[in-house]
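So in our numbering, spot 179 of the sequence shown is number 298, and the numbers just go up one at a time.
Have a look at the structure below before the remarks.
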Amino acid sequence: MSTSMLTSVSTASGRMTSTQKLDRIRHLLGDDLARLPRLDDGEKRLLAAGDEEGWRVTLHLPARGDALRREGRAWQVCRYHWIKSKALLMREWLEDGEVSQSEAVLTGVIALHPEWLTQGPLQEQAEPAWDSTALPGLLRLRVTLTDVWEEGRAEDQTAQPHRAREFRMILPVAGGGGGA
């Protein structure tokens, strides 16, 4: 299995402004959430977990690209992982449960607060999971981003509130049709 890992986060965000970082989140995470299919196969397609150390969402997406189709895989597993202590948002691709490719999407992600919006009540679970027919319709995301490139710990950034901005966005899930 080939593994491509990023060894440094120094190039992940360059000198992006907070608005540019927000656009990057909207583009990557938003596109992946929108790709989730609504199939009647009972498979878990979206798993989310979070604690005081960070947040993680795992997506089971239809495969993209000729190489994936040639290999006979119909699905890809993509995981976004926000690491609070590093103020870092990672995107990982998994093969057979192991990370095959990893990239630092953004640095300077001070806070990330997700809220999954469904048509019905959200069951209180340690790790919410949805199958293809009962996906939430939207992800409401509140995120605090720095305006400058940072490699350090989140605590170092929160001491400079004038250098961080809070944003709110709503991202559709599987076309935003809501749960079953």
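Quick reminder that beta carbons are idealized off the backbone N, C-alpha and C, glycines included.
As the structure is a computational prediction, the values presented were derived from the model and not from experiment.
Check: Would you say L260 reaches chain C, if we count a Cβ-Cβ gap shorter than 9 Å as a contact?
Finding: Considering every chain present, this structure includes no chain C. It has just one protein chain.
Notebook entry, point to check: Does the count of Cβ pairs from the segment 171–179 and the segment 199–214 closer than 8 Å reach three?
Noted result: yes
Notebook entry, point to check: Under the three-state reduction of DSSP, which class applies to R198: helix, strand or coil?
Noted result: Within the sequence shown, the letter at position 79 stands for residue 198. Note: R198 maps to strand in three-state DSSP.
Note to self: I'd like the list of long-range same chain contacts for F286, defined as Cβ closer than 6 Å, with 5 residues on each side in sequence excluded.
What the structure shows: In the sequence shown, the residue the question calls residue 286 occupies position 167. Result list for F286: L141, V262, in chain order.
Notebook entry, point to check: Using the C-alpha atoms, what's the distance from M209 back to V228?
Noted result: As a working mapping, residue 228 is identified with position 109 in the sequence shown. As a working mapping, residue 209 is identified with position 90 in the sequence shown. Approximately 11 Å, taken between the alpha carbons.
Item checked: Check whether A182 and R198 have beta carbons under 9 Å apart -> As a first step, residue 182 must be located in the sequence shown, where it is residue number 63. As a first step, residue 198 must be located in the sequence shown, where it is residue number 79. It is not a contact, given that the beta carbons lie outside the stated cut-off.
Check: By how many angstroms is the C-alpha of S221 removed from the C-alpha of L236?
Finding: Mapped onto the sequence shown, residue 236 falls at position 117. Mapped onto the sequence shown, residue 221 falls at position 102. Rounded to whole angstroms, L236 to S221 spans 28 Å at the Cα level.
Check: In whole angstroms, what is the alpha-carbon distance linking W249 and D150?
Finding: Residue numbering aside, residue 249 sits at position 130 when the sequence shown is read from its first letter. Residue numbering aside, residue 150 sits at position 31 when the sequence shown is read from its first letter. Looking at the two C-alpha atoms, the distance is approximately 18 Å.
Next item on the list: Check whether the Cβ atoms of A230 and S137 lie closer than 9 Å to each other.
Entry: Locating residue 230 in the sequence shown gives position 111, where the first residue counts as 1. Locating residue 137 in the sequence shown gives position 18, where the first residue counts as 1. No, Cβ-Cβ distance for A230 and S137 is not below 9 Å.
Checklist line | Where A278 falls: helix, strand or coil (DSSP) | finding: Along the sequence shown, read from residue 1 onward, the residue named residue 278 stands at position 159. Low local confidence applies: a pLDDT of 48 at A278 is under 50, so the model's placement there is unreliable, and no value is given.
Note to self: Quick check: what's the CA-CA separation for E234 versus E162?
What the structure shows: Taking the sequence shown and counting its residues from 1, the one referred to as residue 234 is at position 115. Taking the sequence shown and counting its residues from 1, the one referred to as residue 162 is at position 43. Rounded to whole angstroms, E234 to E162 spans 22 Å at the Cα level.
Next item on the list: Quick one: grab the DSSP three-state call for D170.
Entry: Translated into positions along the sequence shown, residue 170 becomes position 51. Looking at D170 - three-state DSSP - the assignment turns out to be strand.
Next item on the list: Whole angstroms is fine: what's the gap from G264's alpha carbon to M135's?
Entry: As a first step, residue 264 must be located in the sequence shown, where it is residue number 145. As a first step, residue 135 must be located in the sequence shown, where it is residue number 16. The sequence as given places Leu at residue 264; Gly does not occur at that position. The straight-line gap from Cα to Cα measures roughly 10 Å.
Note to self: On the DSSP letters alone, give me the boundaries of the alpha helix (DSSP H) that L147 sits inside.
What the structure shows: Counting from 1 along the sequence shown, the entry for residue 147 is found at position 28. Per DSSP, L147 belongs to the alpha helix (DSSP H) from 137–154.
Next item on the list: Identify which residue in A206, W212, G184 has its Cα closest to the Cα of V196.
Entry: To locate residue 196, count along the sequence shown from 1; it is residue 77. Of the candidates A206, W212, G184, the one whose C-alpha sits nearest the C-alpha of V196 is W212.
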